[in-house]
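Numbering (my numbering), first residue to last: 0 to 514.
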């Protein structure tokens with residue numbers, strides 16, 4: 000079962016990993032044959048159990064061809080400046096001390112390092128992505144640390160230019176910003192934020208990519224940082240160093256707070272750059288605008304239904320930013336649950352066979368590779384799916400009604416609020432009573448979830464039918480596993496719990512009025 004959604008759009012973000020399905024082992028391993036990158040380099044392990052079944056899966060393809068007009072990218076103008084090689088134009092960065100490194104690892108700093116990926120012509124005449132600058136240089140590492148970093152840097156080049164070697168010099172190029180995720184073997188994640196643009200110069204030349212690696216997920220902030228990096232790049236590569244050094248030394252703000260960075264620019268003096276973190280931290284990596292430009296409300300609801308049932312979903316778009324923005328938005332709709340399966344916002348061409356994986360996935364594929372996707376044996380014959388009938392009809396209507404409350408020219412924050420208030424109540428009303436069905440033998444003891452009593456307690460027949468299927472998904476299973484290990488006091492936190500309490504109190508008031 001594969002679903003293909005065709006999107007066109009503008010700027011956004013992406014998250015990527017690469018995998019290869021291994022039939023001999025119950026997990027998804029990453030491997031990039033022919034690139035010199037070993038399996039540990041791309042580091043997404045997406046474990047799945049042989050005991051888990053997905054009875055709701057049906058063979059189908061859902062193909063949406065969307066051609067809504069979207070905002071155009073600004074064409075980066077060609078310039079006349081010539082810069083010296085990157086590695087010669089910047090000062091050497093200070094060596095990290097163990098104490099500082101520990102802070103970077105804990106996510107207290109904005110980023111770990113910045114790299115510039117350039118397309119260099121090989122002896123065979125093809126353009127290959129190579130890292131031409133890294134800030135800061137990490138000296139003093141032991142051998143295994145150095146080897147692991149080299150593998151990670153090779154992976155970064157793959158995701159900054161997923162098109163491979165099919166490049167030619169250009170005179171105009173649409174700048175775009177996106178992101179990807181590198182998942183370590185221990186489950187920890189690092190985010191790669193990337194901006195591709197055409198460097199200043201004369202005549203045709205290949206684009207280059209700036210990539211920031213960070214353990215923090217906040218696309219809006221890093222997009223603004225790229226604006227500042229790009230502005231300084233237009234003056235001189237040397238201007239990037241002091242700005243990034245100041246940023247690297249600044250503490251990452253708490254949700255809703257602002258950090259101010261001082262930076263000097265010739266002819267302008269010292270600038271103070273304010274970077275504000277969104278108050279709703281669980282939505283700070285998301286912008287729903289592209290999703291709702293590309294798809295109608297009804298189509299978004301169909302994709303949501305398929306994602307809730309953990310089906311295989313492929314998005315097709317021309318722009319890297321559109322792919323990443325749409326997929327991130329779909330994943331955010333699942334809150335408080337987390338997509339547990341393969342997640343590749345932009346599939347590099349060398350990894351296109353991942354569409355053959357038999358387990359659930361969310362994939363972003365560029366339009367030029369569509370034929371390679373549909374050539375696969377199980378996606379060559381589209382069929383109409385059952386997505387309209389997965390969710391309870393009454394709750395579908397409530398979601399659509401809530402989505403109609405958004406303004407035509409809403410800000411990112413306003414749209415995020417409307418969308419979250421449309422979809423979060425769905426889970427509140429269907430599974431929000433979960434805490435009452437976790438039994439414990441004593442204080443401090445792990446809980447046991449009573450699944451049968453849980454779904455039997457639901458009065459609505461259509462809701463009960465949906466929940467019975469939802470209980471079999473891995474996202475719900477892992478949510479409950481974490482719940483069983485937590486103590487009751489720790490459950491009374493977060494937006495989801497707040498919405499559950501509000502809903503339960505509302506039901507009590509309505510029940511009291513009827514008496």
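C-beta atoms are modelled at their ideal positions from N, C-alpha and C, and glycine is treated no differently.
Do residue i and residue j have their C-beta atoms closer together than 8 angstroms?
i, j, result
"residue 231", "residue 239", "yes"
"residue 468", "residue 308", "yes"
"residue 361", "residue 336", "no"
"residue 178", "residue 191", "yes"
"residue 351", "residue 368", "yes"
"residue 415", "residue 285", "yes"
"residue 116", "residue 129", "yes"
"residue 166", "residue 126", "yes"
"residue 466", "residue 457", "yes"
"residue 168", "residue 205", "yes"
"residue 257", "residue 274", "yes"
"residue 322", "residue 363", "yes"
"residue 217", "residue 137", "no"
"residue 212", "residue 189", "yes"
"residue 417", "residue 404", "yes"
"residue 134", "residue 112", "yes"
"residue 196", "residue 222", "no"
"residue 438", "residue 430", "no"
"residue 227", "residue 272", "yes"
"residue 338", "residue 236", "no"
Where does the unbroken alpha helix (DSSP H) through residue i begin, and where does it stop?
i, result
"residue 245", "239–248"
"residue 503", "493–513"
"residue 535", "Here the chain has residues from 0 to 514 only, and residue 535 is not among them."
"residue 424", "411–430"
"residue 479", "473–484"
"residue 197", "Residue 197 -> no alpha helix (DSSP H), and no H or E assigned at all."
"residue 301", "296–307"
"residue 227", "218–234"
"residue 408", "No alpha helix (DSSP H) contains residue 408, which DSSP labels as neither H nor E."
"residue 462", "460–469"
"residue 292", "288–293"
Can you tell me whether residue i sits near the ligand COA, meaning its C-beta is under 7 angstroms from at least one heavy atom of the ligand?
i, result
"residue 229", "The ligand content of the structure shown is nil, which means the ligand COA is not present either."
What does the Cβ neighbour count give for residue i, buried or exposed, with the cut at 16 atoms within 10 Å?
i, result
"residue 187", "exposed"
"residue 345", "buried"
"residue 262", "buried"
"residue 508", "exposed"
"residue 154", "buried"
"residue 379", "In this prediction, residue 379 has a pLDDT of 47, which is less than 50 and means its spatial position is unreliable; what the coordinates show is noted afterwards. Flag for residue 379 reads exposed."
"residue 493", "exposed"
"residue 302", "buried"
"residue 392", "exposed"
"residue 326", "buried"
"residue 312", "buried"
"residue 499", "buried"
"residue 145", "exposed"
"residue 388", "exposed"
"residue 198", "buried"
"residue 288", "buried"
"residue 441", "exposed"
Could you check where the beta strand (DSSP E) with residue i kicks off and where it finishes?
i, result
"residue 147", "Not the beta strand (DSSP E): residue 147 falls in the alpha helix (DSSP H), residues 142–159."
"residue 115", "112–120"
"residue 258", "257–264"
"residue 437", "437–439"
"residue 447", "446–448"
"residue 274", "268–275"
"residue 131", "126–134"
"residue 442", "Element bounds for residue 442: n/a, residue is neither H nor E."
"residue 208", "207–213"
For the putative contact between residue i and residue j, defined by C-beta atoms under 8 angstroms, what is the C-beta separation to the nearest angstrom?
i, j, result
"residue 176", "residue 225", "6 angstroms"
"residue 420", "residue 304", "At roughly 19 angstroms, the Cβ-Cβ gap does not stay under 8 angstroms, so residue 420 and residue 304 are not in contact."
"residue 394", "residue 425", "6 angstroms"
"residue 444", "residue 436", "Incorrect: roughly 16 angstroms between the Cβ atoms, too far for contact."
"residue 332", "residue 422", "5 angstroms"
"residue 229", "residue 194", "7 angstroms"
"residue 316", "residue 366", "6 angstroms"
"residue 157", "residue 347", "5 angstroms"
Using a Cβ-Cβ cut-off of 8 angstroms, state whether residue i counts as contacting chain D.
i, result
"residue 277", "In the structure shown, chain D does not exist; there is a single protein chain."
In chain order, which beta strand (DSSP E) runs of at least 3 residues are fully inside the region 309–396?
-> The qualifying runs are 311–316, 341–343, 360–365.
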